[in-house]
Amino acid sequence: MAFKETFKHDFYPFKNQAEIDRVRKITFEDIKAMNGKHPNGNPNISVELWMDEEAEMVMITDMVQRIIDSDRFDKPAIFICPNPCPTYRKVAYMLQQMKVNMRNVKFYMMDEWADEDGNIAPLSYKGGFGYAFEKFMIKEIQGLGFKPENFIYHSNKTTPDMSKMIEADGEADAVYSGPGWPGHMAFIDPVEDWFCDTMEEYLAQGSKVTALHPLTIAQNSLHGGFGLSGDISKVPPKGAMIGPRDVMKAKNVIDVHSISTAGTKVTWQRLTSRLCIFGEPSQEVPASIVQLRDLPTRIIMGHTNAATIVDEEYFQY
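Each residue of the sequence shown is one higher than the one before, starting from 2 at the first, in the working numbering.
Below, the structure is given as C-alpha cells:
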C-alpha cells in the first residue's frame, strides 16, 4: 500500500484538503502573472509583489501620508494597528523630522493578550501589544500634539465596547494586518468562540475576548517578546481583539504577507497566505474575509512568501 502524501489532524483548522492542494500549486510566476489583480475579479482588491526588505514601505508611506493629511486638512485619521511592530519607530522618526501635528490622530490596538480567566494584559506587560506600541510609537511622538486619550488599547474596560467606539469614530481609515499561522486576522482565530451558522453572522461580530488557536500560541512562542525559543508556557492562552465587522467596515485595508523566520526562506506564512488570499473565503480561514470586502484592499506579498512551494531535500531543519 502506498504511503499517503497528506494527512488529517484534528487540531489543524484547514479541513478542505482539495483547497489546500489547489493553492499549494500556485507558483510565484502565477502570482506575478496576475498583474496586481485578484483572480476572483473583485475590483477592490489588489495583489502586489514586493521585495521582502521593501514590503514595510507600503505601510510606512500609507500611515505617514494619512497623518500628514490629517494635519494639513484638519481631519481625523483613525487607525487599527497590529503589534508588536518596530516599524512604528520609522513612522515616528519621519513625523518628528517633518514636525507633523498629530492632534487629529487616533490609534486603536488590533489585539492583546489575556489570561485563562479572560483578564486582559495591562499596558505594563512586556510581552503585550499595547506595551510594544507605546514603546515604538507613542513615546517616539512626544511633542507632536498627539492626545494620550487617543491611544486606545485593549483592557477589561475598553474591549467590550471597542467596535462601538470605532463605529462612532466613523470606522477606521486604515487597518494594517497580516495573517497568523492559523490564518487569523488580528487574533480572530478559527476557534469555536467565533464560528457562526452563516458568514453574514460571522462578519457582523465585534470586539471581544476569546480563546486562541494552538498554532497562534506556538507561533508567538518564537517571537522576541517571549524569548525566541519556543517556550509555550510563556504565551497567554486567550486574546482580546477587534472583530470581523471592524475589518469589513474599514475604509482601507493593507494586508501584508511577508513574515519569514529571521529573514530566511523558511516561513509558515507561505501556505497560509495562499489560503487567505486565494482560497475559498471561510470561517476556518479568518483572514480570507478580506476577499469579500467592497472597499479598497491592498494585499502585499513579499517575494519569499510568494515563492513557489517545493520540497527541499537538503535544507531540512
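Note that the Cβ used here is the ideal one computed from N, Cα and C, for glycine as well.
Counting only the same chain and skipping the five closest in sequence on each side, list residues whose C-beta sits under 6 Å from that of residue i.
| i | result |
| --- | --- |
| ASN84 | PHE130, ALA133 and PHE134 |
| THR298 | ASN45, ILE46, VAL254 and VAL291 |
| GLY264 | none |
| MET138 | TYR89 and ALA93 |
When DSSP labels each residue in this structure, what does residue i get in the three-state scheme?
| i | result |
| --- | --- |
| TYR109 | strand |
| GLY303 | strand |
| CYS82 | strand |
| TYR315 | coil |
| SER283 | strand |
| ALA56 | coil |
| LEU124 | coil |
| ALA115 | strand |
| ASP256 | strand |
| THR298 | strand |
| TYR132 | helix |
| PHE29 | helix |
Just to confirm, are residue i and residue j a CB contact at a threshold of 8 Å?
| i | j | result |
| --- | --- | --- |
| THR273 | GLY184 | yes |
| GLY303 | TRP51 | yes |
| ALA93 | ILE142 | yes |
| ALA205 | ARG246 | yes |
| PRO237 | ALA122 | yes |
| THR262 | ASN306 | no |
| THR88 | ILE61 | yes |
| ILE79 | MET111 | no |
| VAL286 | PRO191 | yes |
| ILE167 | TYR109 | yes |
| ASN37 | GLU55 | Note on residue identity: the sequence assigns Gly, not Asn, to residue 37. No, they are not a contact pair. |
| PHE12 | PRO215 | yes |
Do you know offhand how far residue i's Cα is from residue j's?
| i | j | result |
| --- | --- | --- |
| ILE301 | PRO77 | 25 Å |
| PHE74 | LYS165 | 26 Å |
| PRO282 | VAL210 | 23 Å |
| GLN317 | ILE260 | 19 Å |
| LEU124 | MET163 | 16 Å |
| ALA288 | ASP312 | 26 Å |
| HIS102 | THR160 | Looking at the sequence itself, residue 102 is Asn, so the reference to His does not match. Rounded to the nearest angstrom, the two C-alpha atoms are 28 Å apart. |
| GLY181 | PHE147 | 31 Å |
| ARG275 | LYS140 | 36 Å |
| MET58 | PRO40 | 25 Å |
| VAL349 | ALA3 | Nothing in the structure corresponds to residue 349, since the chain is present only between 2 and 318. |
Taking 8 Å as the limit between beta carbons, can you name the residues of its chain near residue i, skipping five residues before and five after?
| i | result |
| --- | --- |
| ILE233 | ILE218, ALA219 and SER222 |
Can you find the residues in the same chain that come closer than 7 Å, C-beta to C-beta, to residue i, ignoring five residues on each side of it along the sequence?
| i | result |
| --- | --- |
| ILE310 | ARG25, ARG271 and LEU272 |
| VAL106 | ILE68, SER71, ALA78, PHE147 and ASN151 |
Exercise. Does the count of Cβ pairs from the stretch 57-73 and the stretch 108-127 closer than 8 Å reach three?
Worked result: no
For this session: Taking 8 Å as the threshold, find out whether the stretch 144-161 comes into contact with the stretch 184-197 through three or more Cβ pairs.
Result: no
Problem set entry | Sufficient close CB pairs (3 or more, under 8 Å) joining the stretch 172-186 to the stretch 225-237 | no
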